[in-house]
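If you read the sequence shown in the UniProt record's numbering, its first letter stands for residue 1, the second for the next number, and so on. C-beta: ideal position from N, C-alpha, C; glycine also.
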Amino acid sequence: MLEHGGRRRAAARRYAIPEADWLDLSTGISPHGYPVPAIAPEDWLRLPEDDDGLLDAAAAYYGTARLVALAGSQPAIQGLPFLLPRGRVGVLAPTYAEHPHHWQRAGHEVIRFAAAALPAVADTVDTLVICQPNNPDAGCIAPAVLIDVAERLQARGGHLVVDEAFIDATPDDSVITLAGDRLPHLIVLRSLGKFFGLAGARVGFVAARPDLLAALREVAGPWPLCGPARTLARRALADTAWQAVMRRTLVEASARLARLLAPLDPEGTRRVHPLFVWLPTPVAESVAAALARQGILVRHFVAPDCRGLRFGLPGAERDWQRLEAAIRALAGPAACKDSGGTA
Numbered sequence: 001m002l003e004h005g006g007r008r009r010a011a012a013r014r015y016a017i018p019e020a021d022w023l024d025l026s027t028g029i030s031p032h033g034y035p036v037p038a039i040a041p042e043d044w045l046r047l048p049e050d051d052d053g054l055l056d057a058a059a060a061y062y063g064t065a066r067l068v069a070l071a072g073s074q075p076a077i078q079g080l081p082f083l084l085p086r087g088r089v090g091v092l093a094p095t096y097a098e099h100p101h102h103w104q105r106a107g108h109e110v111i112r113f114a115a116a117a118l119p120a121v122a123d124t125v126d127t128l129v130i131c132q133p134n135n136p137d138a139g140c141i142a143p144a145v146l147i148d149v150a151e152r153l154q155a156r157g158g159h160l161v162v163d164e165a166f167i168d169a170t171p172d173d174s175v176i177t178l179a180g181d182r183l184p185h186l187i188v189l190r191s192l193g194k195f196f197g198l199a200g201a202r203v204g205f206v207a208a209r210p211d212l213l214a215a216l217r218e219v220a221g222p223w224p225l226c227g228p229a230r231t232l233a234r235r236a237l238a239d240t241a242w243q244a245v246m247r248r249t250l251v252e253a254s255a256r257l258a259r260l261l262a263p264l265d266p267e268g269t270r271r272v273h274p275l276f277v278w279l280p281t282p283v284a285e286s287v288a289a290a291l292a293r294q295g296i297l298v299r300h301f302v303a304p305d306c307r308g309l310r311f312g313l314p315g316a317e318r319d320w321q322r323l324e325a326a327i328r329a330l331a332g333p334a335a336c337k338d339s340g341g342t343a
């Protein structure tokens, strides 16, 4: 099992700080989750039904009806490598580790490439996998470039898989409306976990051509989503007023977070996404450990092509003040000395 953010219990044990006392900024999930309505008792008593309006709400939100609903995007990440022809797969690096892991498990040859190499790599692989925007470094590829790459792959039977888990805050960067329609070999993954703050509901969608949607649905089984999750997702997808307010809220919050992190970024290399800030630094481990000793959990990455910290957004004002005090404490002369710890 790969490591992910949000492991507060493990951090609590390691640093001997009660779990309730942690400020968890490690996941990139919005701290301003969609307000969960009261769930009708019958939603718990009856089996879920596909014709409950969820796919209609998703079609209106995503701009396409070529969709299948799954328990988050993870089933697609694990299933697609077994549904597409085995071959050479290019995975944008750095990226969400689940992607290369499962393509390799399915027997594909996986190569990693930097964003600048995308046009050249597209002509040498059978499948391309890209996070848009990228996780963890917030890089974003122009939709026109993705469309060009998808067309070139499609012309020789290749596929482009785009994971748009973090794109709801910047929907103009999405290519989902083209998936399975104008571009039959384009596959787009979406999730309600990040922007809507509903990671615990485990709701996601895949946009693709009909045969792939049917295959994913078959693998998922008869009830991939529980009834209460379907009800909640349907309401969240249809609530355009809440979505508009939240996009503005997140942009303002991420700008505040970027300013707060300035003392740790003297060269100004951080990247800002509405849901997180990426801070490249060679001392990611030591900074993460220093914050953890204060009960603040951030995600650190130490691979050669991905050395840095990802900070999610604080929610309450007291959390902002707590993070600011911790950053101030780190920004002294010893802030970047290796403490020898990891988080």
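Pairwise C-alpha distance: residue j and residue i
{"i": "D52", "j": "R230", "result": "8 Å"}
{"i": "G268", "j": "Y62", "result": "35 Å"}
{"i": "Y15", "j": "P48", "result": "42 Å"}
{"i": "L183", "j": "G193", "result": "26 Å"}
{"i": "G204", "j": "D123", "result": "30 Å"}
{"i": "T127", "j": "P228", "result": "36 Å"}
{"i": "W242", "j": "Y34", "result": "8 Å"}
{"i": "residue 344", "j": "L213", "result": "Examination of residue 344 is not possible in this model, given that the chain is present from 1 through 343 alone."}
{"i": "E218", "j": "P75", "result": "12 Å"}
{"i": "W320", "j": "R86", "result": "47 Å"}
{"i": "A106", "j": "Q78", "result": "9 Å"}
{"i": "D56", "j": "A292", "result": "44 Å"}
{"i": "A343", "j": "L260", "result": "Reliability fails at A343, whose pLDDT of 32 lies under 50, so the model's placement of it is uncertain and the value that follows must be treated cautiously. Going by the C-alpha atoms only, they are around 21 Å apart."}
{"i": "D50", "j": "T27", "result": "30 Å"}
{"i": "A325", "j": "D163", "result": "35 Å"}
{"i": "E42", "j": "E19", "result": "34 Å"}
{"i": "A12", "j": "L83", "result": "40 Å"}
{"i": "H102", "j": "I141", "result": "23 Å"}
{"i": "G119", "j": "R46", "result": "Before going further, note that residue 119 is Pro rather than Gly in the sequence given. One C-alpha to the other measures close to 50 Å."}
{"i": "C131", "j": "A316", "result": "29 Å"}
{"i": "G39", "j": "T240", "result": "This sequence places Ile at residue 39; Gly is not what is there. Going from the Cα of I39 to the Cα of T240 covers about 20 Å."}
{"i": "G312", "j": "H32", "result": "12 Å"}
{"i": "A115", "j": "W44", "result": "45 Å"}
{"i": "I187", "j": "L216", "result": "12 Å"}
{"i": "P314", "j": "F276", "result": "10 Å"}
Same chain, Cβ closer than 6 Å to residue i, neighbours up to 5 away in sequence not counted
{"i": "residue 352", "result": "Since the first residue of the chain shown is 1 and the last is 343, residue 352 is not available in this structure."}
{"i": "A335", "result": "Caution applies to A335, whose pLDDT of 43 falls short of 50 and renders its modelled position unreliable; the value that the coordinates give is listed next. Around A335: no qualifying Cβ."}
{"i": "D24", "result": "R8, L297"}
{"i": "P100", "result": "V91, V110"}
{"i": "P224", "result": "L70, A71"}
{"i": "E252", "result": "none"}
{"i": "A138", "result": "R271, H273, W278"}
{"i": "R88", "result": "E109, V125, D126"}
{"i": "residue 378", "result": "Any answer about residue 378 is impossible in this case: the structure gives the chain only from 1 up to 343."}
C-beta neighbour in chain B for residue i, strict 8 Å
{"i": "C131", "result": "The structure shown contains no chain B; it is built from a single protein chain."}
Those residues which DSSP pairs with residue i across a bridge
{"i": "H159", "result": "T127"}
{"i": "F113", "result": "L92"}
{"i": "S191", "result": "G204"}
{"i": "L67", "result": "A207"}
{"i": "residue 371", "result": "With the chain covering 1 to 343 only, the question about residue 371 has no answer from this structure."}
{"i": "L186", "result": "L160"}
{"i": "A179", "result": "L183"}
Neighbourhood of residue i by C-beta distance below 7 Å, restricted to the same chain and skipping five residues each side
{"i": "V302", "result": "A284, E285"}
{"i": "A233", "result": "L54, L192, A201, V203"}
{"i": "T64", "result": "I176, T177, A179, D181, A207"}
{"i": "F113", "result": "G90, L92, A93, V121"}
{"i": "I29", "result": "G193, K194, G197, A199, G312"}
Whole-number beta carbon distance between residue j and residue i, since they are thought to touch under 8 Å
{"i": "L330", "j": "L279", "result": "Between L279 and L330 the Cβ distance is about 12 Å, and since that is not below 8 Å, they are no contact."}
beta-carbon residue i near the ligand NAP non-hydrogen atom, thresh 7 Å
{"i": "L54", "result": "Inclusion of the ligand NAP in the displayed structure is not the case, the ligand content being empty and no account of it being possible."}
Residues near residue i in its chain [Cβ-Cβ closer than 8 Å; skip 5 each side]
{"i": "H185", "result": "A150, L153, Q154, G157, G158, H159, L160, R209"}
{"i": "A60", "result": "L237, A238"}
{"i": "R328", "result": "P263"}
- Message: If we require 3 or more residues per run, which beta strand (DSSP E) segments fall completely within the region 247–316?
- Response: 271–273, 276–280, 299–303, 306–312
- In chain order, each alpha helix (DSSP H) run of at least 4 residues that lies wholly inside the region 20–61: 41–45
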